[in-house]
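Heads up: the sequence shown at position 464 corresponds to 464 in the UniProt record's numbering, and the numbers run straight through without jumps.
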Amino acid sequence: MRQIDHHIVGGAGGSARQSDIFDPNNGGVQARVALGDAALLDRAVAAAKEAQPAWAAVNPQRRARVMFDYKRIVEAHLGELAELLASEHGKVVADARGDVQRGLDVIEFCCGIPHVLKGEYTQGAGPGIDVYSMRQPIGIGVGITPFNFPAMIPMWMFGPAIATGNAFILKPSERDPSVPVRLGELMLEAGLPEGILQVVHGDKEMVDAILDHPDIGAVSFVGSSDIAHYVYNRGVANGKRVQAMGGAKNHGIVMPDADLDQVVNDLTGAAFGSAGERCMALPVVVPVGEDTANRLRAKLIPAIEALRIGVSTDAEAHYGPVVSQAHKEKVEGWIQKCADEGAELVVDGRGFTLQGHEKGFFVGPTLFDHVTPDMESYKEEIFGPVLQIVRAADFEAALELPSKHQYGNGVAIFTRNGHAAREFAARVNVGMVGINVPIPVPVAYHTFGGWKRSAFGDTNQHGMEGVKFWTKVKTVTARWPDGGGDGSNAFVIPTMG
Ligand code: NAD
Numbered sequence: 001m002r003q004i005d006h007h008i009v010g011g012a013g014g015s016a017r018q019s020d021i022f023d024p025n026n027g028g029v030q031a032r033v034a035l036g037d038a039a040l041l042d043r044a045v046a047a048a049k050e051a052q053p054a055w056a057a058v059n060p061q062r063r064a065r066v067m068f069d070y071k072r073i074v075e076a077h078l079g080e081l082a083e084l085l086a087s088e089h090g091k092v093v094a095d096a097r098g099d100v101q102r103g104l105d106v107i108e109f110c111c112g113i114p115h116v117l118k119g120e121y122t123q124g125a126g127p128g129i130d131v132y133s134m135r136q137p138i139g140i141g142v143g144i145t146p147f148n149f150p151a152m153i154p155m156w157m158f159g160p161a162i163a164t165g166n167a168f169i170l171k172p173s174e175r176d177p178s179v180p181v182r183l184g185e186l187m188l189e190a191g192l193p194e195g196i197l198q199v200v201h202g203d204k205e206m207v208d209a210i211l212d213h214p215d216i217g218a219v220s221f222v223g224s225s226d227i228a229h230y231v232y233n234r235g236v237a238n239g240k241r242v243q244a245m246g247g248a249k250n251h252g253i254v255m256p257d258a259d260l261d262q263v264v265n266d267l268t269g270a271a272f273g274s275a276g277e278r279c280m281a282l283p284v285v286v287p288v289g290e291d292t293a294n295r296l297r298a299k300l301i302p303a304i305e306a307l308r309i310g311v312s313t314d315a316e317a318h319y320g321p322v323v324s325q326a327h328k329e330k331v332e333g334w335i336q337k338c339a340d341e342g343a344e345l346v347v348d349g350r351g352f353t354l355q356g357h358e359k360g361f362f363v364g365p366t367l368f369d370h371v372t373p374d375m376e377s378y379k380e381e382i383f384g385p386v387l388q389i390v391r392a393a394d395f396e397a398a399l400e401l402p403s404k405h406q407y408g409n410g411v412a413i414f415t416r417n418g419h420a421a422r423e424f425a426a427r428v429n430v431g432m433v434g435i436n437v438p439i440p441v442p443v444a445y446h447t448f449g450g451w452k453r454s455a456f457g458d459t460n461q462h463g464m465e466g467v468k469f470w471t472k473v474k475t476v477t478a479r480w481p482d483g484g485g486d487g488s489n490a491f492v493i494p495t496m497g
């Protein structure tokens with residue numbers, strides 16, 4: 001049985017507890033991952049503490065060169081990483097390549113770190129006085145990441161953290177930990193000093209040890225909302241800087257003038273791609289007006305029935321299995337719940353089996369119509385290949401749905417009307433908006449972050465927000481008197497007036 005160990009200075013040294021890594025395509029156990037504890041974390045933190053000051057002292061241009069080399073090395077391993085990722089997650093290999101690539105986009109941004117780390121400067125803020133600021137690393141940062149993007153999300157975090165001079169410890173999901181370990185190993189090949197990027201595995205025990213560790217200055221978390229909230233509260237109570245991204249229930253608003261063929265193409269990809277296991281998936285579609293709803297539904301049904309579900313190595317498959325048997329059961333439980341709540345089950349994906357892979361964790365695509373906002377299955381995240389149609393009478397009613405929902409990660413509007421789109425983008429109470437773009441994940445030099453229960457804390461991932469999260473500002477007020485003093489009263493607060 002393949003063993004996945006921690007990637008820390010001095011070697012993993014074995015862990016008493018272990019967890020199974022499944023092959024979602026076949027349902028069997030393919031590896032075991034070590035689950036670390038507070039003592040193991042102590043070792044990683046001690047190594048990080050020793051390595052970090054010298055790394056912070058490396059000039060930013062040289063730190064950026066490590067990022068350039070890392071980008072080249074990861075690109076050279078892209079195929080191998082995508083296959084490994086798909087084999088533990090279940091997403092199809094082409095989608096897994098996108099997972100790695102979107103992370104690499106952040107590494108590419110970090111190649112420009114010398115430019116973005118420049119501080120501000122005011123000459124002559126007062127008589128003989130100059131003021132300048134600098135961004136300094138926090139020290140030791142930690143990333144705690146979910147199973148659904150095991151390459152992209154770690155890179156969102158460790159790219160800017162490392163490029164700005166921190167040491168970083170990654171605690172990836174214990175469900176698909178192999179790619180995060182490979183990403184750590186490849187950093188050494190790129191010339192990053194030992195101890196600057198380490199990977200520890202674990203579950204709640206390890207997360208709690210991280211949140212309570214006095215030498216860890218910042219924690220970035222991505223996962224489900226209840227745990228995000230918990231991580232945020234406990235980390236902040238311990239004096240850490242914390243950003244914690246949570247779950248989602250993204251809506252796609254379809255205006256009567258939208259190009260429905262384009263919408264159906266975009267929607268099927270955004271709702272069912274990666275088996276719906278994306279925080280930026282579109283699991284709710286809101287057609288505006290009965291006529292739009294009926295026309296959309298008529299086009300959606302054959303498009304859904306034409307979807308090909310296959311193993312993650314099937315190049316023709318639109319999506320693969322979900323991550324675990326427990327998750328499959330949870331998704332199927334939500335399908336039952338939504339039907340029990342009175343929605344119309346138009347396409348039922350339960351009971352789907354793939355010939356030759358009968359024990360795989362597959363869920364067929366599912367479509368509900370006449371879902372209403374009072375239903376639990378609408379309020380909560382399902383995180384599976386389930387699309388819910390919620391009909392809205394007009395634009396205002398459609399705008400209200402995502403705005404009032406507990407989650408506020410992403411939203412999209414499909415329309416040919418520029419005014420409606422502009423109005424929607426300005427007024428909707430959601431963090432990331434797509435206009436005729438179904439999955440509006442911002443590019444790496446912008447920032448990623450939702451609102452409401454989709455994010456706790458006040459700083460987004462990557463882009464300048466990432467740089468801000470992983471650094472603290474120091475502001476220097478300097479006076480170089482030319483002798484004799486300026487006669488000001490030193491007992492009065494300086495005003496520069
Ligand atoms: P999860 O919350 O189960 O796990 C996330 C991390 O928390 C993992 O590293 C896990 O080991 C750890 N963890 C699990 N249980 C814990 C506990 N009781 N105490 C402390 N730590 C614990 O999430 P997941 O199932 O891996 O990922 C899917 C979720 O992540 C979905 O809700 C999805 O919407 C969300 N997500 C959000 C974003 C975003 O940017 N907002 C991006 C991707 C995924």
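Cβ coordinates follow ideal geometry from the N, Cα and C atoms, glycine included.
Just so we're clear, the structure is a prediction, and the values are computed from it rather than from any experiment.
Point to revise | Any alpha helix (DSSP H) of 4 or more consecutive residues that is wholly inside the stretch 389-422 | key: Counting only runs of 4+ residues, the alpha helix (DSSP H) found wholly inside the stretch 389-422 occupies 395-404, in chain order.
Practice item. Indicate whether at least one CB of chain B lies closer than 7 Å to the CB of S178. Key: Of the chains in the structure shown, none is chain B; there is only one protein chain.
Check your understanding: Any contact of the stretch 281-288 with the stretch 457-467, i.e. 3+ C-beta pairs under 8 Å?
Key -> In short, these stretches do not touch, since the Cβ pair count stays below three.
Review point. So is M187 buried or exposed if we call it buried at 16+ other beta carbons inside 10 Å?
Key: Buried is the call here.
**Study point:** Pairwise C-alpha distance: I144 and V207
**Key:** CA-to-CA, the gap between V207 and I144 works out to about 8 Å.
Check your understanding: If you draw a straight line from the C-alpha of D176 to the C-alpha of F147, how long is it?
Key -> Straight-line measurement puts the Cα of F147 at about 6 Å from the Cα of D176.
Point to revise | Inter-residue CB distance, C338 and V371 (contact presumed, cutoff 8 Å) | key: Confirmed, Cβ separation roughly 7 Å.
Practice item. With a threshold of 6 Å, establish whether the CB of E400 neighbours any heavy atom of the ligand NAD. Key: Result no, Cβ not under 6 Å from the ligand NAD.
Check your understanding: Does the Cβ of K204 lie closer than 6 Å to at least one heavy atom of the ligand NAD?
Key -> Yes.
Point to revise | Proximity test, S377 beta-carbon vs the ligand NAD heavy atom, cut-off 6 Å | key: Result no, Cβ not under 6 Å from the ligand NAD.
Check your understanding: Should F416 be labelled buried (16 or more other beta-carbon atoms within 10 Å of its own) or exposed?
Key -> The question names Phe, but residue 416 is Arg in the sequence shown. Under this definition R416 is an exposed residue.
Practice item. Return helix, strand or coil for D95, following the three-state DSSP convention. Key: Helix.
Review point. Do F456 and Y121 have their C-beta atoms within less than 7 Å of each other?
Key: Judged by beta-carbon spacing, Y121 lies beyond the 7 Å limit of F456, meaning their Cβ atoms are not closer than that value.
Point to revise | Sufficient close CB pairs (3 or more, under 8 Å) joining the stretch 213-233 to the stretch 244-253 | key: Flag = yes, the stretch 213-233 and the stretch 244-253 touch.
Check your understanding: Do H184 and H7 have their C-beta atoms within less than 7 Å of each other?
Key -> Here the sequence assigns Gly to residue 184, which means His is not the residue at that position. In terms of Cβ geometry, G184 and H7 form a close pair [threshold 7 Å].
Check your understanding: Under a three-way DSSP split, which group does E174 fall into?
Key -> E174 falls in the coil class under three-state DSSP.
Check your understanding: Among the residues of its own chain, which have a CB less than 8 Å from the CB of D374, if the five just before and after it don't count?
Key -> Here the set comprises nothing.
Practice item. Using beta-carbon positions only, say whether T459 and S133 come within less than 7 Å of one another. Key: Pairing T459 with S133 gives a Cβ-Cβ distance that is not under 7 Å.
Check your understanding: If you follow the alpha helix (DSSP H) that P302 is part of, which residue opens it and which one closes it?
Key -> 290-305 is the span of the alpha helix (DSSP H), which, as asked, contains P302.
Check your understanding: Is residue 498 helix, strand or coil when you go by DSSP?
Key -> Only positions 1 to 497 of the chain appear in the structure, and residue 498 is not among them; the question remains open.
Check your understanding: Given that a residue counts as buried once 16 or more other Cβ atoms are within 10 Å of its Cβ, and exposed if not, what is T353?
Key -> The residue in question, T353, is exposed, as its Cβ has fewer than 16 Cβ neighbours within 10 Å.
Review point. Should the stretch 23-42 be called in touch with the stretch 343-362, which here means at least 3 C-beta pairs below 8 Å?
Key: Flag = yes, the stretch 23-42 and the stretch 343-362 touch.
Review point. If you draw a straight line from the C-alpha of T292 to the C-alpha of S225, how long is it?
Key: So the alpha carbons of these two residues sit roughly 33 Å apart.
Check your understanding: Sorted by chain position, which residues of the same chain lie with C-beta nearer than 6 Å to D95's C-beta, five sequence neighbours on each side aside?
Key -> In its chain, beyond the 5 residues on either side, S274 have a beta carbon closer than 6 Å to the beta carbon of D95.
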